[in-house]
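Sequence order for the protein chains is X and Y. In the working numbering, each residue's number is its place in the first sequence (first place is 1) plus 3. In the working numbering, each residue's number is its place in the second sequence (first place is 1) plus 1. All remarks here apply to the structure that follows.
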Amino acid sequence: MSLPRVNAVIIGAGAGGGIVAKELSQAGLSVVLLERGKWYTAYDCRKDDLRNQRTSVLGCAFGPDDDHYRRVVVNPDGQEQVVLPSDGAYNNNAACVGGGTFSYGAMAWRFLEKDFRLRSTYGAVAGSTLDDWPLTYQDLEPYYTKAEWEIGVSGDDTNNIFKGPRSRPLPMPPLPPSREHVILKAAAERLKLHPFDIPMLRNTVPYNGRGGCMRCRWCVGFACEVDAKCGTHNTVIPRALATGNCTLRTECVARKIVTNDQGRVSGVEYFDERGHLQEQPADFVVVSASATETPRLLLNSKNRLFPTGLGNRNDWVGRNLMGHAYSGAYGLMDTDTYDDLGPGASIAVCDYSHGNPGLVGGAMLCNEFIRLPIHLASVSPPGVPRWGAAHKEFMRNFYNRCMAVQGPVQEMPVFEARVQVDPRVVDDWGIPVVRLSGSRHPQDIEVGKYISGKAAAWLKEAGATVTWPKLPGKGLSGGQHQAGTCRMGNDPKTSVVDRYCQVHDVANLFVVDASVHVTNGGFNPVLTLMAIAYMASQHMVETWKGTEMRG
Amino acid sequence: MQMTAVASATGPMVACIGSISPWRCLREEDARTLEAICDRIIPADQDPGAAWAGAVTFIDRQLLGPYRRFRKTYQWGLAGTNTTSLATFGKAFLALTLEQRDKVLQTMDKGQARGECWKQVSAKSFFDLVVSHTMQGFYGDPRHGGNRDRASWKMLRLPYPPVRGRVVVNG
């Protein structure tokens with residue numbers, strides 16, 4: 004038996020889905036927002052350094068949980084392995100209202116102008132499907148601004164001479180500098196770099212009815228105890244619900260998107276919180292389930308008219324999975340630099356984002372979020388054994404005197420880095436699971452080495468007596484920055500959606516999450532995804548004719 | 002009869018029940034051997050070591066929860082450690098001197114401990130697992146059974162309890 008029809012069903016209440024829900028419901032459309040996880044609040048903040056979204060050895064605090072979910076990972080040598088969400092190889096992103104934005108580090112980057120036209124800037128790259136975006140920085144600029152003001156961003160990037168022009172300053176000032184910030188800023192200036200305060204989706208002063216950051220030690224991976232971190236769970240989703248036009252259903256797991264005989268989408272089948280199968284009819288469907296779960300759902304929705312899955316006529320769904328090849332360096336100082344002032348990451352440079360000799364792209368470099376003891380325990384400089392008396396001595400001497408600078412290296416999209424559905428393994432609802440295979444482009448490793456050298460130079464200038472590199476591995480990349488698997492483009496043969504996130508061959512189906520990213524920038528991708536969600540929502544509202552999408 | 006029922010309900014994980022042990026999951030001998038290994042990974046010096054800080058309490062507790070998938074690995078690995086100790090020094094691990102214990106663990110760490118006893122789990126992967134679990138039990142949150150009295154956090158001079166409600170603090 005099916006439920007009363009609505010205008011739109013949105014699958015996934017994360018960064019993308021939350022924004023679309025608010026924009027559509029404020030425009031008067033009836034919306035059902037499905038979320039497979041729970042709605043946690045600041046009261047669920049448990050500063051548990053072994054069970055959170057950054058260190059999940061004892062489980063992912065905000066989902067998905069090890070008891071119900073699994074994936075299959077194919078190693079480069081062809082070996083298959085079933086992995087749990089708490090394993091790194093699962094490439095997890097949180098499953099809860101707010102999605103990743105509930106517990107993220109909250110860096111709020113606008114991509115640079117060149118990040119949208121890498122192919123024109125650098126030319127083709129062998130072994131990569133590198134391409135330009137079908138839109139420019141200027142197209143997205145108004146939506147970046149809207150995200151910054153509606154969700155809430157603090158920081159000060161006036162000294163970032165590499166940034167694209169902005170129409171409005173950030174709504175909130177940065178936090179006062181930590182000791183590490185002061186040291187790194189002076190060093191960057193001596194190196195003639197252009198350091199600035201990282202834009203963050205975090206209240207530093209009261210904003211949007213919530214207070215400012217209290218600077219605790221537990222930020223990235225944790226819920227914010229004082230609700231100062233700005234995600235979709237405490238901004239746009241409550242506003243969507245306040246319109247009366249949006250219904251949020253939590254612990255609901257989508258099984259497939261249903262189509263009619265005309266090849267249009269007609270609704271979504273999902274298991275409700277009691278495990279009962281439901282069908283929600285809708286005029287159109289928006290998939291915002293993440294760059295791994297979105298392609299899984301499209302592929303699992305195959306039927307007679309779409310034998311290879313929705314939007315997949317040309318075999319591009321699930322291709323080009325990307326994350327970031329994090330690279331940088333650690334440095335040991337001869338005085339205490341740790342002052343226990345969170346969130347830690349605060350100062351960045353974009354001097355190495357582009358224009359690196361002989362290389363394509365690069366990365367923003369910044370200091371790291373606070374390293375809890377458990378994090379430092381797994382990194383030790385060359386010559387220090389990883390266990391025994393000498394390791395303990397290292398921990399004791401250097402916990403307060405260790406700094407790290409790192410950055411997300413922009414990855415080259417690889418066609419064979421992919422999400423499929425596994426032919427055998429299913430989850431607890433009987434739905435075929437994600438099957439991950441492929442590896443990084445070799446160029447990412449080369450850029451990583453270069454960026455690591457620049458990070459070490461910054462740390463040495465800041466007084467580090469010993470530095471050692473942090474380099475990316477060759478394995479498949481995804482994780483919390485997962486992107487690229489339903490690329491947007493003008494040519495339906497080499498992309499899945501158009502510039503407004505509308506699936507090329509199904510006019511009433513949209514993908515609004517980082518799956519649509521053509522490239523993923525040398526930055527944390529969330530603000531770009533938010534801007535795209537605002538842009539796509541506006542298009543949906545404008546082309547909505549009361550019963551169907553135009554075109 | 003009741004014991005049989007419980008044993009069959011929990012499958013092959015007989016170490017979790019059926020023998021008298023102060024531990025939740027580990028056999029008493031295994032727990033003592035494990036404690037000795039943990040204490041070489043983080044030895045006591047002017048600050049407490051992993052054994053005192055309860056690394057084994059941490060591991061034992063997790064073997065009933067998120068780490069239940071490692072129960073067999075611990076059984077095999079601890080048996081393997083003793084077999085390697087016997088083969089190298091003619092004594093069980095607990096009877097070795099501290100230097101001899103380090104030798105055995107280094108052999109395992111380098112992947113040089115081989116033989117029938119390491120067929121099901123390699124010495125290297127078992128030792129890697131114990132190192133990471135010991136670090137978690139020593140440096141992790143005390144709520145999980147390790148890091149007794151926040152011993153490691155005191156050693157690292159981390160302020161505790163976390164200051165709640167502060168708004169701006171000068172650096």
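Ideal Cβ placement from N, Cα and C applies to all residues, glycine included. These numbers were taken from a predicted model, which means no experiment stands behind them.
| Asked | Found |
| --- | --- |
| Using a Cβ cut-off of 8 Å (strictly closer), state whether A392/X contacts chain Y. | yes |
| Any beta carbon from chain X within less than 8 Å of R144/Y's own beta carbon? | yes |
| Between which two residues does the beta strand (DSSP E) carrying I14/X extend? | 9–14 |
| Determine the direct distance from the alpha carbon of H484/X to that of R72/Y, and round the result to whole angstroms. | 33 Å |
| Buried or exposed for D516/X, please, with buried defined as at least 16 other CB atoms from any protein chain shown within 10 angstroms of its CB. | buried |
| Can you grab the Cα-Cα spacing for the pair G21/X / E36/Y, in whole Å? | 49 Å |
| In chain Y, which residues lie less than 7 Å from Y402/X when you measure between Cβ atoms? | L157 |
| Could you tell me whether the segment 314–327 of chain X touches the segment 477–494 of chain X, using the rule of 3 or more Cβ pairs below 8 Å? | yes |
| Would you give the residue range spanned by the alpha helix (DSSP H) that T135/Y belongs to? | 124–140 |
| Can you give me the start and stop residues for the alpha helix (DSSP H) that V521/X sits inside? | First-last for V521/X: undefined, no H or E at that position. |
| Do you know how far the Cα of C222/X is from the Cα of V509/X? | 40 Å |
| When you compare only the Cα positions, how much space is there between F274/X and G433/X? | 11 Å |
| Which same chain residues end up closer than 7 Å to T262/X when comparing Cβ atoms and leaving out the 5 residues on each side of it in sequence? | V268, S269, N306, L308, F309 |
| Start and end of the alpha helix (DSSP H) containing W77/Y? | 72–90 |
| If contact is defined by three or more beta carbon pairs under 8 Å, each pair taking one atom from either stretch, is the segment 450–465 of chain X in contact with the segment 345–359 of chain X? | yes |
| Within a Cβ cutoff of 6 Å, which residues of the same chain sit near V208/X, ignoring the five residues on either side of it in sequence? | M175, G215 |
| To the nearest angstrom, how far is the alpha carbon of E100/Y from that of L106/Y? | 10 Å |
| For R322/X and N94/X, what's the separation of their Cα atoms in angstroms? | 15 Å |
| Just checking: is the beta-carbon of M109/Y within a distance shorter than 8 Å of some beta-carbon in chain X? | no |
| Kindly identify the DSSP beta-bridge partner or partners of R438/X. | V75/X, Q423/X |
| Which residues of the segment 55–80 of chain X have a Cβ closer than 8 Å to any Cβ of chain Y? Give them in chain order. | V60, L61, G62, D69 |
| Taking 8 Å as the threshold (C-beta atoms), are V122/Y and G78/Y in contact? | yes |
| With a 10 Å radius around its C-beta and 16 neighbouring C-beta atoms as the bar for buried, classify V290/X as buried or exposed. | buried |
| How many angstroms separate the CA atom of D337/X from the CA atom of R404/X? | 7 Å |
| Note the first and the last residue of the continuous beta strand (DSSP E) segment covering R252/X. | 249–252 |
| Taking 8 Å as the CB-CB cut-off, is D337/X touching chain Y? | no |
| With a threshold of 16 other CB atoms inside 10 Å of the CB of P7/X, please say whether the residue is buried or exposed. | exposed |
| Under a CB-based cut-off of 8 Å, is I377/X close to chain A? | Protein chains in the displayed structure are X and Y, and chain A is not among them. |
| Flag this pair as yes or no: are the beta carbons of E419/X and L194/X separated by less than 8 Å? | no |
| Which ranges would you report for the beta strand (DSSP E) in the segment 253–289 of chain X if only whole runs of at least 3 residues count? | 256–262, 268–274 |
| Using a 10 Å radius around the Cβ and a threshold of 16 neighbouring Cβ atoms, would you call I164/X buried or exposed? | exposed |
| By the 10 Å Cβ neighbour count, where 16 or more other Cβ atoms means buried, how is N511/X classified, buried or exposed? | buried |
| Under the three-state reduction of DSSP, which class applies to A536/X: helix, strand or coil? | helix |
| Name the residue from L313/X, S349/X, G224/X, H378/X whose alpha carbon lies nearest to the alpha carbon of M367/X. | S349/X |
| Answer with buried or exposed for S5/X, where buried requires no fewer than 16 other C-beta atoms within 10 angstroms of its C-beta. | exposed |
| S153/Y touches chain X at which residues, Cβ-Cβ below 7 Å? | P376 |
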